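One structure is given here, and the rest of the page talks about it.
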Amino acid sequence: MKITPVSRDVNFGRMLNNEELKEYENVLEQGKKIVGQTGNSIFIMPTQSLPQSPEMNTGIGHLTDKTTQEYIKYMHSMLGFNVREDLPPGQITPYANNFFCNYQSTSIALGDQNINPQLLTTDEYANLLTKEDVKEIVSSNKRPDKDRFANFNNIMDENGGQNQALKKAYKKFESLIDSHPLKTRYKNYIKENSEWIDFLYKDKGDFFKFKQFLADEHHAKGNEFLHSIGVKSCGDCLIGATPEEVKARPFAFELDWNMGWVLSTPNIEKILDPSCDAHKYMKYKIQNFARRYDMLRMDVGWAYIQPRLFKNYNPSEIKKPYFGDKIMNLIENWVKEVKGNDFDPKNIIWEVEAGPGDFEWEKNGKMIEPLQNRVKIYSSMYMSDNWASNDAFLKRNFGADNFIIGLGNHDHQPIREIANDIPYPQKAGDKIIYEHPKKNSIAPLAKIFNMDEKLLEDPVEYRKTKSAEHMMAKHTMSFFMDDFGYNVRFDKHSFNCEDTPTENYAHKIRYDWKKQYHDAVESGWGANKMDSLERIFKAKGYDNTNPQLYKLIVKYRDILNEKTVSKETAPASETAQEASETAKSIFKNKYFIPFLAAGTLAVAAGVHYYIKKHKPEIHENTDTRPSLVKTA
């Protein structure tokens with residue numbers, strides 16, 4: 002493996018050579034089987050956060066880009082994920098102070114970030130753009146820290162570099178003869194998608210339709226790449242919509258009632274009526290997500306059971322209509338119409354973390370029926386003796402196949418902050434409260450891993466141990482910023498528009514992503530899957546039942562913890578080399594075995610802005626935390 006030369010007095014994390022990487026993949030696969038991680042392993046990697054080369058840094062990466070594909074392939078090997086999850090893929094309009102958020106994007110139409118202008122320079126797209134046109138998009142990305150942050154403006158804005166290039170491409174497209182293959186594909190696309198386009202975007206014009214055509218085709222090509230390496234795609238089906246969408250179909254949405262975030266809410270009480278716009282809107286949205294992705298993440302999934310609705314954001318006027326599983330069944334049927342024989346209800350995953358005053362997941366000590374046989378998403382941020390760990394959920398009889406757990410997603414405090422006991426600030430009306438999630442998780446972690454609680458006071462030891470815990474679950478998830486050891490939050494919720502607004506939701510993997518990742522691992526903050534396996538093997542006694550594999554796990558844990566100073570990777574230790582001699586015999590042996598409470602209605606300079614936060618469920622009757630109800 003070629004590494005960019007550096008001076009010999011500079012240390013960076015040890016990378017694997019090609020032979021080691023192949024063996025590593027086998028060790029990881031076998032290790033995951035033994036510890037029970039045999040289901041979906043989800044890597045949450047937003048499109049805006051994908052790396053780009055300096056020569057192609059338009060502002061937002063794409064799965065059809067060479068640099069991005071190399072990155073995804075490598076992280077697929079290192080992390081062993083089999084699902085890539087994106088944030089909502091719609092067109093984003095900025096809020097106060099140039100803050101862009103995926104959860105304030107178009108709910109059905111794809112955003113311009115799904116278009117890769119490089120593809121428009123090929124014969125397949127009639128050379129609608131030249132390479133010089135693409136260079137102009139790159140040169141218009143003036144963000145000084147563009148290697149670390151996305152440039153939404155250059156991609157999304159009407160006058161941004163990409164949109165200007167697409168206008169040029171559209172003019173050339175219009176001049177093509179009607180029988181041109183590209184125009185034929187376009188006409189077929191419009192014919193097949195005219196219903197939802199006319200329903201919600203009838204007045205948007207032909208240029209909009211042209212961009213939707215490109216976005217859908219390029220999005221599909223990205224999925225083809227994922228499938229080629231054995232990875233499924235998962236789309237985040239946001240619950241809200243844009244003001245323009247509401248204006249187009251007002252009867253599809255709640256006009257006087259709102260779920261509490263400053264976003265438009267579907268008229269949930271009308272969804273079950275096939276004659277209503279709300280029903281038609283939801284069907285178009287769900288089926289487009291089903292068409293575009295292998296899996297669906299249902300944003301605020303609990304609201305389809307029993308939403309909490311405020312009248313004009315007034316916290317004293319609330320209604321909570323109960324639908325049970327009726328809307329969930331409807332959603333599943335809509336997905337089944339698209340997937341046919343490939344339909345699997347387990348490929349619809351439901352966000353259910355919510356504050357105790359927002360949603361009750363259990364009654365009389367038993368999980369409510371609508372949730373029982375569906376896949377629920379949880380983070381371990383608020384781990385305690387009886388909550389937010391694989392161990393706790395199994396003891397509650399959740400069923401290993403019915404939940405996904407991980408350190409967190411875009412919503413949660415990063416593990417590095419938690420490990421360092423950095424307070425987690427949240428707005429509660431006109432107050433700010435500070436949480437310390439680490440404290441309650443130390444005792445259960447120590448018990449699960451048979452270790453002294455004092456050891457977990459060390460931040461790095463805590464991070465590594467907590468990462469290992471959820472790897473025992475059948476289904477897991479991880480957020481890219483935790484895997485890369487970031488010590489800042491992706492989503493600052495109530496503070497998004499006032500605290501580094503142009504950085505929130507914009508963090509991006511650097512072009513030197515291999516060095517970035519391995520430096521993080523070597524420092525103890527990045528995801529070291531072999532370290533996690535070693536801890537589980539030791540705690541569960543698998544080191545005794547599978548000694549040869551355990552030896553290899555230790556080998557690669559230690560290699561990834563090494564520093565190197567040369568162009569080539571440093572040689573493994575003698576013990577590690579010794580361990581590798583057992584690899585062939587092992588692999589030939591056929592017998593080898595958080596929501597609403599912090600989603601506050603904030604006001605910044607008189608502008609209501611969106612905050613996306615789900616508080617964890619609290620299950621003790623002694624909960625004394627203040628209710629974080631939105632206030633005007």
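If you use this note's numbering, the sequence shown corresponds to residues 2 to 633, in order. Positions of the beta carbon are idealized from the N, C-alpha and C atoms, including for glycine. Treat the numbers as computed from the prediction; the structure is a model and nothing was measured.
Judged by DSSP in its simplified three-state form, GLU30 adopts helix.
Collapsing the DSSP output to three states places GLU255 in a strand. Between SER108 and GLU246 a beta carbon distance of about 6 Å is seen, short of the 8 Å cut, so the two are scored as contacting.
Between the segment 213–225 and the segment 302–311 there are fewer than three inter-stretch CB-CB distances shorter than 8 Å, so the stretches are not counted as touching. Taking all protein chains in view, the Cβ of SER495 is crowded by 16 or more other Cβ atoms within 10 Å, so the residue is classified as buried. In the structure shown, GLN414 adopts coil according to DSSP, grouped into three states. Judged by DSSP in its simplified three-state form, ALA355 adopts coil rather than helix or strand. In the same chain as LYS377, and ignoring 5 residues on each side of it, the C-beta atoms closer than 6 Å to its own belong to TRP351, VAL353 and PHE404, in chain order. According to DSSP, GLY302 shares a beta bridge with no other residue. Put simply, the segment 511–525 does not touch the segment 450–458. Fewer than three CB pairs are less than 8 Å apart. About 11 Å separates the beta carbon of VAL135 from that of ASN58, a gap too long to meet the 8 Å contact definition.
Cβ neighbours of TRP258 within its own chain (closer than 6 Å, five residues either side excluded): LEU310 and LYS312.
Bounds of the beta strand (DSSP E) holding LEU111 are 106–111.
In this structure, the alpha-carbon of LEU239 lies about 21 Å from that of SER42. Cβ contact annotation for TRP197 (same chain, cutoff 7 Å, sequence separation greater than five): ILE109, TYR285 and ASN289, in chain order. Taking every protein chain shown into account, the CB of THR546 has fewer than 16 other CB atoms within 10 angstroms, so this residue is exposed. For LEU297, the closest of SER276, SER234, LYS205 and SER265 by C-alpha to C-alpha distance is SER234. With the rule of 3 Cβ pairs closer than 8 Å, the segment 379–390 counts as touching the segment 430–445. Collapsing the DSSP output to three states places ARG85 in a strand. The three-state secondary structure of LEU239, taken from DSSP, is coil.
MET283 carries a helical assignment under DSSP once its states are collapsed to helix, strand and coil. Here PHE538 carries a helix assignment [DSSP, helix/strand/coil]. Residue pairing from DSSP places GLU363 in a beta bridge opposite MET368. Annotation for LEU273: HIS280, PHE324, LYS327, ILE328 and LEU331 place their beta carbon closer than 8 Å to its own, counting only its chain and skipping 5 residues before and after. For the pair of segments examined, the segment 360–368 was found not to touch the segment 407–416: the number of CB pairs separated by less than 8 Å stays below three. For ILE434, the enclosing beta strand (DSSP E) begins and ends at 432–436. A straight-line Cα-Cα distance of about 16 Å links GLU361 and MET260.
Secondary structure at PRO316: strand, using DSSP grouped into helix, strand and coil. GLU193 counts as exposed, since fewer than 16 other beta carbons sit within 10 angstroms of its beta carbon. Going by DSSP, PRO548 is part of no beta strand (DSSP E) but of the alpha helix (DSSP H) stretching over 548–562. In the three-state DSSP reduction, TRP388 falls in the strand class (E or B). For the pair TYR551 and ILE560, the Cα-to-Cα distance works out to about 14 Å. In this structure, GLN49 sits near ALA151, with a CB-CB distance shorter than 9 Å.
ASP392 counts as buried, since at least 16 other C-beta atoms from the protein chains shown sit within 10 angstroms of its C-beta. The residues ILE138, SER141 and ASN155, in chain order, have a CB closer than 6 Å to that of GLY162 in the same chain once the five nearest residues on each side in sequence are set aside. Judged by DSSP in its simplified three-state form, LYS377 adopts strand.
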